[in-house]
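S.K.: One structure follows; several queries about it will come next.
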């Protein structure tokens with residue numbers, strides 16, 4: 001009787017231990033799942049905030065540059081060159097910069113505005129539903145983010161270097177570029193130089209801010225793609241998304257999991 005009682009207690013102890021371990025593993029799995037969901041929400045929230053900032057800042061890129069081009073009678077002051085008249089202290093024989101220098105920055109401002117608005121709404125829907133996009137969505141977003149990041153870097157360099165050359169040109173005559181808005185150094189009727197410094201500095205600052213936003217977006221997008229890659233290989237993800245697209249197009253094929 002005593003041995004039977006001991007055996008029964010031992011079995012009960014083993015059973016309780018197994019239940020405790022099972023409960024521990026279940027709780028650990030729930031905790032890991034919660035951490036992954038929390039990390040996903042943080043990444044989504046980061047993307048939405050970055051897209052919002054990029055959307056707002058983009059207006060201060062193309063609007064000031066477009067306004068400056070209009071005030072300079074269609075001329076682009078980036079990389080402009082010329083000589084000052086020793087008598088009148090006016091800038092003469094001006095060789096204006098290429099229209100593409102200003103046009104590229106205006107183009108990038110508009111493109112960034114549209115992309116930021118689209119992705120801000122797109123990611124906000126996922127954030128509201130507390131879900132994440134598919135592997136294909138994350139992969140395409142990563143490619144777009146990296147491409148826009150590179151183009152914004154080129155745009156920012158073009159604007160900064162071109163404007164520095166313009167400031168260097170008028171500074172050689174003793175005109176402080178920061179005070180150039182208050183000095184008349186071009187007497188052409190159709191050219192207004194009263195706001196060029198404010199407009200270009202605003203565009204230059206906002207272009208770099210926008211570039212920083214898209215660097216953050218590129219990093220977040222790559223992290224999300226890497227998280228998918230940890231769950232399954234790149235080839236399997238590509239095949240699954242390809243089959244899914246084919247099924248949507250009407251070609252019914254079994255989805256490879």
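In full-length UniProt numbering, the protein residues as written are 1 to 257.
Backbone N, C-alpha and C define an ideal beta-carbon position, used for all residues, glycine too.
#1: Would you call the region 197-215 and the region 147-162 in contact, with 3 or more CB pairs under 8 Å?
#2: Do the region 109-123 and the region 161-173 make contact, defined as three or more Cβ pairs closer than 8 Å?
#3: Do residue 221 and residue 105 come within 8 Å of each other at the CB atom, strictly closer than that value?
#4: Please say whether residue 97 and residue 127 have beta carbons closer to each other than 8 Å?
#5: By how many angstroms is the C-alpha of residue 109 removed from the C-alpha of residue 193?
#6: Pull up the distance between the alpha-carbon of residue 199 and that of residue 228, whole angstroms please.
#7: Of the residues 70, 225, 218, which one's Cα is nearest the Cα of residue 48?
#8: On the premise that residue 83 lies in contact with residue 92, defined as a C-beta separation below 8 Å, what is that separation, rounded to the nearest angstrom?
#9: Going by beta carbon distance, what residues of the same chain come within less than 6 Å of residue 73, once the five residues before and after it are set aside?
#10: Let me know the alpha helix (DSSP H) ranges lying completely inside the region 98-131, each 4 residues or longer, listed in chain order.
#11: Locate the alpha helix (DSSP H) running through residue 141, then write down its first and last residues.
#12: Looking only at DSSP bridge pairs, what is residue 85 linked to?
#13: With residue 177 and residue 186 assumed to form a contact (beta carbons below 8 Å), what rounded beta-carbon distance in angstroms separates them?
#14: For residue 114, verify whether its CB is less than 7 Å away from any heavy atom of the ligand NAP.
#15: If you run the structure through DSSP and keep just helix, strand and coil, what is residue 194?
#16: Is the beta carbon of residue 44 closer than 8 Å to that of residue 132?
#17: Do residue 50 and residue 213 count as a contact pair if the criterion is CB distance below 8 Å?
#18: Under 8 Å, do residue 69 and residue 102 count as touching if we go by C-beta distance?
#19: State the Cα-Cα distance for the pair residue 179 and residue 53, rounded to the nearest angstrom.
#20: Between residue 138 and residue 215, is the Cβ-Cβ spacing less than 8 Å?
#21: Using the Cα positions of residue 230 and residue 136, report the straight-line distance between them to the nearest angstrom.
#22: Let me know the secondary structure DSSP gives residue 70 once reduced to three states.
#23: Quick check on this structure: which residue in 63, 151, 58 has the alpha carbon closest to the alpha carbon of residue 196?
M.R.: According to the structure data:
#1: In the pairwise beta carbon analysis, the region 197-215 is classified as touching the region 147-162: at least three pairs are separated by under 8 Å.
#2: The region 109-123 vs the region 161-173: no contact.
#3: In this structure, residue 105 sits away from residue 221, with a CB-CB distance that is not shorter than 8 Å.
#4: No, the Cβ-Cβ distance between residue 127 and residue 97 is not below 8 Å.
#5: In this structure, the CA atom of residue 193 is about 23 Å from the CA atom of residue 109.
#6: Roughly 43 Å separates the two Cα atoms.
#7: The shortest Cα separation from residue 48 among 70, 225, 218 belongs to 218.
#8: Confirmed, Cβ separation roughly 6 Å.
#9: Residues 190, 191 of the same chain have their beta carbon placed closer than 6 Å to that of residue 73, with the five preceding and five following residues left out of the count.
#10: The region 98-131 contains these whole alpha helix (DSSP H) runs: 99-129.
#11: For residue 141, the uninterrupted alpha helix (DSSP H) run begins and ends at 135-171, by DSSP.
#12: Looking at the DSSP assignment, residue 85 forms no beta bridge with any residue, so it has no partner.
#13: Actually they do not touch by this definition, with Cβ atoms about 14 Å apart.
#14: Summarising the ligand content, the structure contains no ligands, and the ligand NAP is consequently not present.
#15: Looking at residue 194 - three-state DSSP - the assignment turns out to be coil, as it is neither helix nor strand.
#16: Here residue 132 is near residue 44, since their CB atoms are less than 8 Å apart.
#17: In contact: residue 213 and residue 50 (Cβ atoms closer than 8 Å).
#18: With contacts defined by Cβ atoms closer than 8 Å, residue 69 and residue 102 form a contacting pair.
#19: Those two C-alpha atoms are separated by around 30 Å.
#20: If you check the CB distance, residue 138 and residue 215 do not come in under 8 Å.
#21: When rounded, the separation of the alpha-carbon atoms in residue 230 and residue 136 is 15 Å.
#22: Of the three classes helix, strand and coil, the one that applies to residue 70 here is helix, per DSSP.
#23: Answer by Cα proximity: 63.
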